[in-house]
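Peer 1:
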Amino acid sequence: MENVLVCDFSFEHICDIAPDKEIEGNIKAFYPQNQYDNPNDLLLHKYGIGPFCKFSIPRELRRKGVYLIKIDGDIKYVGECENLASRFNTGYGNISPRNCYAGGQTTNCRINNEIYNHSLNTNNIKLYFYETTNRFEVEWELINTLNPSWNKSKGKKMERGNSIDKLTIFSEPVSHQKSTCREEVLTVVRTIVKNKGVNEFTIYEVVESMLRERTSFKVSTIRTHITSKCCVNAPSHHAVVYSDFERIDKGLYKLINDEPN
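Take any residue in the sequence shown, note its place counting from 1, add 458, and you have its number in the numbering used here.
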């Protein structure tokens, strides 16, 4: 089974996404909106025109986590799910007539149409999955790090429950006057550790706090400092490195340098 490592998360290859085809080998095009009775004279939403395709994944994949859609090696979309099979088999892969109209599931229609259009030119559409109970956090980190072209939002921050509750208490402001990225990261990490009462933090917690304080640094730069440039047990890829953090678990770090230098 093919696995890919994306931002320290190991995603397994679930299957190739293969839309239904005609006998001649062409992708079947569907226009389910024509089957809707539409008693209220609703208008089609901007993604409801189609054409659409039909596809499915194994029904036994009732798993919770984060998925990737890759086309010819490029990550096009990152999403989270409570049930992977349901998300693809009754969501993306089978567009209901009602969902094409105002108030319907626009994301389902948009992703399906993207898959249809790309299927006309390639068979290399792959689905990858990472099983986790922290799916909102992982989704948020990947979207904000990778900026996949099909993602229109930055993730479901308000649905993270306890994670977001913890983040709201990190209110100590970050000074941006002539500060380096390392200095800002260290300031935020010290505040996070202090408020949590335990010496551990995640990349998401640091990025979220810095973005909230309107940092000028990119998410990718912040992430590189945490995972590589300032991490003692990371591979050495930089001319100048610091011994600020230690990776203690997947996506989890602790502060080992509590004094600025």
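We put the beta carbon where it would ideally sit given N, CA and C, even for glycine.
Less than 8 Å between the C-beta atoms of tyrosine 574 and cysteine 511, yes or no?
Peer 2: Sequence index remark: in the sequence shown, residue 574 carries index 116 (1-based). Sequence index remark: in the sequence shown, residue 511 carries index 53 (1-based). Yes; because the gap between Cβ atoms is below 8 Å, this pair is in contact.
Peer 1: Quick check: the Cα distance between threonine 679 and histidine 576, rounded to an integer number of angstroms?
Peer 2: The residue given as residue 679 occupies position 221 in the sequence shown. The residue given as residue 576 occupies position 118 in the sequence shown. Their Cα atoms are separated by approximately 32 Å.
Peer 1: Below 8 Å between beta carbons: does that hold for arginine 593 and glutamate 663?
Peer 2: Counting from one through the sequence shown, the residue named residue 593 turns up at place 135. Counting from one through the sequence shown, the residue named residue 663 turns up at place 205. No, Cβ-Cβ distance for arginine 593 and glutamate 663 is not below 8 Å.
Peer 1: Once DSSP output is grouped into helix, strand and coil, what is the label at arginine 545?
Peer 2: As a working note, residue 545 is residue 87 in the sequence shown. Arginine 545 falls in the helix class under three-state DSSP.
Peer 1: Determine, using beta-carbon pairs with one atom in the stretch 482-496 and one in the stretch 522-529, whether at least three such pairs fall under 8 Å.
Peer 2: The stretch 482-496 is not in contact with the stretch 522-529.
Peer 1: Since asparagine 461 is in the beta strand (DSSP E), which residue starts that stretch and which ends it?
Peer 2: Position 3 of the sequence shown, counted from the start, is the residue given in the question as residue 461. Here the beta strand (DSSP E) through asparagine 461 covers 461-464.
Peer 1: Answer with buried or exposed for proline 516, where buried requires no fewer than 16 other C-beta atoms within 10 angstroms of its C-beta.
Peer 2: Taking the first residue of the sequence shown as 1, we reach residue 516 at position 58. Exposed is the call here.
Peer 1: Is it buried or exposed, isoleucine 553, if we count other Cβ atoms within 10 angstroms and call 16 or more buried?
Peer 2: Numbered from its first residue, the sequence shown carries residue 553 at position 95. It is buried - the Cβ of isoleucine 553 has at least 16 other Cβ atoms within 10 Å.
Peer 1: Residues bridged to cysteine 539 by DSSP?
Peer 2: In the sequence shown, counting from the first residue as 1, residue 539 sits at position 81. Its beta-bridge partners are Gly523.
Peer 1: Closest by CA to arginine 545, which one among Ser468, Val677, Cys567, Val699?
Peer 2: Locating residue 545 in the sequence shown gives position 87, where the first residue counts as 1. Of the listed residues, the one whose Cα sits closest to arginine 545 is Cys567.
Peer 1: Does asparagine 461 have its Cβ less than 8 Å from a Cβ in chain B?
Peer 2: In the structure shown, chain B does not exist; there is a single protein chain.
Peer 1: Using three-state DSSP, classify phenylalanine 594 as helix, strand or coil.
Peer 2: Here residue 594 is taken as the residue at index 136 of the sequence shown, counted from 1. Three-state DSSP puts phenylalanine 594 in a helix.
Peer 1: Going by DSSP in three states, glutamate 666 sits in which element: helix, strand or coil?
Peer 2: By one-based count along the sequence shown, residue 666 stands at place 208. In the structure shown, glutamate 666 sits in a helix (DSSP, three-state: H, G or I).
Peer 1: Mind checking which residues open and close the alpha helix (DSSP H) that includes histidine 576?
Peer 2: Numbered from its first residue, the sequence shown carries residue 576 at position 118. That run of the alpha helix (DSSP H) goes 564-577.
Peer 1: How long is the line joining the alpha carbons of aspartate 478 and arginine 520, rounded to whole angstroms?
Peer 2: Residue numbering aside, residue 478 sits at position 20 when the sequence shown is read from its first letter. Residue numbering aside, residue 520 sits at position 62 when the sequence shown is read from its first letter. Going from the Cα of aspartate 478 to the Cα of arginine 520 covers about 22 Å.
Peer 1: Around the C-beta of alanine 560, are 16 or more other C-beta atoms found within 10 angstroms, so that it is buried, or is it exposed?
Peer 2: Along the sequence shown, read from residue 1 onward, the residue named residue 560 stands at position 102. Alanine 560 should be labelled exposed.
Peer 1: Once DSSP output is grouped into helix, strand and coil, what is the label at arginine 705?
Peer 2: Taking the first residue of the sequence shown as 1, we reach residue 705 at position 247. Note: arginine 705 maps to strand in three-state DSSP.
Peer 1: Using a threshold of 8 Å, state whether the C-beta atoms of valine 536 and leucine 604 are closer than that.
Peer 2: Mapped onto the sequence shown, residue 536 falls at position 78. Mapped onto the sequence shown, residue 604 falls at position 146. Closer than 8 Å, so yes.
Peer 1: Does the beta-carbon distance from glutamate 671 to lysine 712 come in below 8 Å?
Peer 2: Mapped onto the sequence shown, residue 671 falls at position 213. Mapped onto the sequence shown, residue 712 falls at position 254. No, the Cβ-Cβ distance between glutamate 671 and lysine 712 is not below 8 Å.
Peer 1: Within this structure, are the beta carbons of arginine 681 and valine 665 separated by less than 8 Å?
Peer 2: Within the sequence shown, numbered from 1, the residue matching residue 681 stands at position 223. Within the sequence shown, numbered from 1, the residue matching residue 665 stands at position 207. Cβ distance < 8 Å, so arginine 681 and valine 665 count as in contact.
Peer 1: Contact defined as beta carbons within less than 8 Å: I believe asparagine 571 pairs with tyrosine 494. What is the distance between those atoms, to the nearest angstrom?
Peer 2: Residue numbering aside, residue 571 sits at position 113 when the sequence shown is read from its first letter. Residue numbering aside, residue 494 sits at position 36 when the sequence shown is read from its first letter. With a Cβ gap of about 17 Å, asparagine 571 and tyrosine 494 do not count as contacting.
Peer 1: Which residues does DSSP pair with leucine 502 in a beta bridge?
Peer 2: As a position in the sequence shown, residue 502 is number 44, starting the count at 1. Leucine 502 is bridged to Tyr559.
Peer 1: Mapping the DSSP letters down to three states, classify serine 468 as helix, strand or coil.
Peer 2: Taking the first residue of the sequence shown as 1, we reach residue 468 at position 10. Of the three classes helix, strand and coil, the one that applies to serine 468 here is strand, per DSSP.
Peer 1: My output table needs one value for lysine 534: the three-state DSSP class, helix, strand or coil.
Peer 2: The count along the sequence shown starts at 1 and reaches residue 534 at position 76. DSSP places lysine 534 in strand when its eight states are reduced to three.
Peer 1: Could you pull out every residue in the same chain whose Cβ sits closer than 6 Å to the Cβ of asparagine 582, ignoring the five residues on either side in sequence?
Peer 2: By one-based count along the sequence shown, residue 582 stands at place 124. The answer, listed in chain order, is Asp530.
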